[in-house]
Each structure stands twice: as structure tokens, then as C-alpha cells.
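Read through the structure below, which is laid out as C-alpha cells, and then see the notes.
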Amino acid sequence: MKFNYSVLFTAPLVLIMLMDEMFLELVSQKNEVMKGVFLALMVKFAAVVSMGYSLYNIKYMSPYMRVMFILTFLFVLGMVFESMLKYSTPLVYPHVFLKVFLFFYTFFIYTYYRKNEYFNLEHIIWFILIGFCLNVVTVNRESLSIAAFTSHDRGVYATSVYMIVIPFLYFMSKYLFKGGLFNMGMAFLVLFMIVFFQHRTVWITTIWVLGIYVMLVKFKSITEVNFKKLIPLGVTVFIVGLISSVFVFSMNPEIVEKFQSNFSDIENMDSQGTGGWRYQQFMSYWPFVVENPIWGMRFEGFELPIQFWREDINQPVFEDGNGHFFHSFYMDVLFYIGSVGLLLYWLVKFYAIHRGFRLKHLGQEQIVLLSFISSGFVFGISYILPYFFYAILGLTIAYLDSPSEDNVSYLKDFAKRRKDYIKRLRLQQNNVPELITTS
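Convert by adding 3 to the 1-based position in the sequence shown; the result is the number in the numbering used here.
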């Protein structure tokens, strides 16, 4: 059996992705205490590794990313001094520091893959899909039923379904560029899973991503693409949908009612479903954001009593003393670290977008990654951006800073460098002037 050595270079990205709920549940089997312990350890470990690695390898960053890393590092340093001054301890509330430490995941992944160009995106695609399927089959089996669908028992977390948008884009892109029934089938299968698990935010996000993807392929693709190739995929979706409507919907009319309810919740997101819940949370905390617009509330925000109450039992939604858990990236960042913290994130995000649009042409994988990170604008409205998003953002910037489409072989590259090194040693031993220049 031949081992593909490039799999080893997925390790840093896998480290960040393992913090998603679908992988944590595989270990904890829905034991909330065990899952919380694993997550806390992994988040702290990844934060230390990310900041240390990025600091040690800062010379490999582009000038812009180097400045952004320094600004983020100074922001953390300022929070450490504030913590020492007010509480006599460097990291008084890790929950608050985490809001900035997440940014280091981007610099870590960016720096690592800018140094090591032997990464194969396909390995991560299969890692995501295998992890997702294992979670559904072993942990959330009850979610694979019509009863679970109609009762809105989704089982799988929104961030996990959001993650499989990447494989959907990947296989759809492979089908569009190279064709193949397998690629078409995999794109359809992943799209079906996205729809089945009913996270409406992910539905909207997927539509957004597809719009950005089509635009990038049309105006930035290295090779000209015929969008008529998507017709078979559309026809397949239509035929399967038609058959389903005849056999499944007629036998289970509650499915149609469930879809109608989902779309009604989307149309009335400020008053129905979880959208109404998020809107109430937003209104509960917005006054504190207005009062602290620049630097946020930071540690005082952690100590603030829970402002979001349940009207049915007249009690706070969360317990005091554990921080505030927002269902919006924007609210989370603005509340804790203010517009300065949000600006740190935006400056890195817009660098990726600016870099992508400035390049004359983009490769297939560059388009997939750039399309996906654009979805953060939409997904962040309803959810806190997951840990893996920061890693994918760093990977995207690394791809955009290294636009070469040539396949790089680690073994050939290593052998060449080793050969040149031995040749230089022999020349020095024989006192022969070195006449060659190595790359």
C-alpha cells in the first residue's frame, strides 16, 4: 500500500477542526462535562501553539500580515496588563481572552502553509465528510428519520453542517471543471445533507456562497468554464425532488408543512423561530455596545449579570458567572472587544478578499476557499464564527499569497536540497570555489 506523505501536512488544520462539535461528540458521546473538558484543553493548547508558532515564524508572513499579527499581539498584551492591574493575575477571564486568541488561529495556519506548500485540500475534504458521517451514524442516529425532520430534531450542530459547505463547493467545482458522475453525485449528496438538517442560516449561507462562487469562476478562473455542465446537476435535483414529492411527500404531508414553516421563519426572522430569540438577545445587549463602542466591555462584560431573560419563567437564559453566550459573531466581538477588535478581524478578512480580486486569475481551489470565507459575512449574523473558520481564513490567504498552480513534491524538493548541500560540502573539502547557485 502506497502512503501519501502529503497527508502529514494536514495536521495543523486538523488540530483546529477537531474542536468542532461533530468531532468532540465522537469522543464524548454527548457527555457534556467530558466534551467541555476536551474543548477547554484543545482551545487553550491550540491558542498557545498558534501564537507561539506565529511569533517564531513571523518572518515568513507578508508585510501586511506581519503588521496585523503585531497589532493583534499588542491588543492581547494590553489586555494582560489590564488584567494584572485590576485583578493581579495575567489571564483573569479566559472566556474574554478567547475572543482575541481565535485570531491567532488564522496567523498560525497562514504561516504554516505559506512555509509548507505540500498541502492537498482533498485530504481535508474527506476528513470533514468522514467525520460528519461518523457523527451522524454513531452519535446522532435518531436524527436520520422523517419524524426527526418534521419535529425539527436536527441533532447535528449548525457549525458542523456549515463545515460541509466546503466539500459541497469542492465537489461541485471538480464537476464543473473536470466533469465526472462521481463528482456530480457527491455534490448532490452533500447538498442534500445541508438541506436535510434544516439549519436555515446554513441554507442562506450556501446560496450566498454559490453566488460568489459563480461570479469568481466567471471573471477570475484560469480556465474558461461552461456553466451548462451544471444543467445535469440541476436536472438530477429536479428529478429526485419530483420523485420525492410523489412518494415521500404524499405519504408524509407534514414534510411539506415543515418546509413551509422553515421558509416562513426565514421571511419573519425578527419575530419567528430562533430568529426572534436572537433578536431579543440583540436588543438586550445593544445598549452596552453603544456605551462601550471602541474597546468593548472586556472583563467588565464578563462580570455583568445576564441581561437576557426568559419571559415564560422570568429567569435569565444563562447562569451568571460564566460569561455571555451570543448567537451573533458581531454582537460577541462588539460586546467584549469593541470596534477595535472587530476591525482587527475585518482587516485580515478584507486583505484576503482584496488579494483575491487583485490577482488576475484564480485556480480552482483558490476560488473554492475564497467563496467559502465570504460566507462569514452572512453566517456571523446568526452564529459565532466557529474555530475552523479562522483556520480556513488563514489557509485561504496562504493559497492567495502563493498563486502558483504547479504541483510541488516534498520528496523531490527535499532530495534536490540535499543533493545541493552534499555537493557544496564536497567542493569545500576539496577547496574548490563554489560555482553553482542553489534555489
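Beta carbons: idealized from backbone N, C-alpha and C, even for Gly.
Nearest-angstrom Cα separation, counted from I400 out to L346: Separation of L346 and I400 (C-alpha to C-alpha, rounded to the nearest whole angstrom) is 18 Å.
Within 10 angstroms of the Cβ of G39, are there 16 or more other Cβ atoms? Answer buried if so, exposed if not. By the neighbour-count rule (16 or more Cβ atoms within 10 Å), G39 is not buried but exposed.
Chain C beta carbons: is any one of them nearer than 8 Å to that of G237? This model lacks chain C altogether; it includes just one protein chain.
Does the structure place the region 369-385 close enough to the region 208-224 that three or more beta carbon pairs sit under 8 Å? yes
Per-residue DSSP class, three states only, for I19: helix
Quick check on the DSSP output: what are the complete alpha helix (DSSP H) runs of length 4 or more inside the region 130-198, in order along the chain? 149-153, 161-166 and 168-181
Please report the distance separating the alpha-carbon of E120 from that of Q310. 48 Å
Looking only at its chain, what residues have a beta carbon closer than 7 Å to the beta carbon of L147, apart from the 5 residues adjacent to it on each side? V139
Between P290, M68, L307 and V30, which lies nearest to F321 when the distance is taken from Cα to Cα? L307
On the three-state DSSP scale, how would you describe W298? coil
Grab me the residues of Y402's own chain with a C-beta within less than 7 Å of its C-beta, minus the 5 sequence neighbours each way, in chain order. E368, Q369 and L372
Distance, Cα to Cα, F305 vs L179? Rounded to whole angstroms, F305 to L179 spans 48 Å at the Cα level.
What's the gap between the Cα of G397 and the Cα of T13? Spanning the two alpha carbons is a distance of roughly 13 Å.
Three-state class that DSSP yields for P235 in the structure shown: helix
Through-space distance from L29 to T141, alpha-carbon basis: 8 Å
What number of angstroms, rounded off, separates the C-alpha of S57 from the C-alpha of I242? 50 Å
What's the C-alpha gap between T226 and P290? 51 Å
Do H327 and Y386 come within 8 Å of each other at the CB atom, strictly closer than that value? no
Could you give the distance in angstroms between the alpha-carbon of K223 and the alpha-carbon of I131? 27 Å
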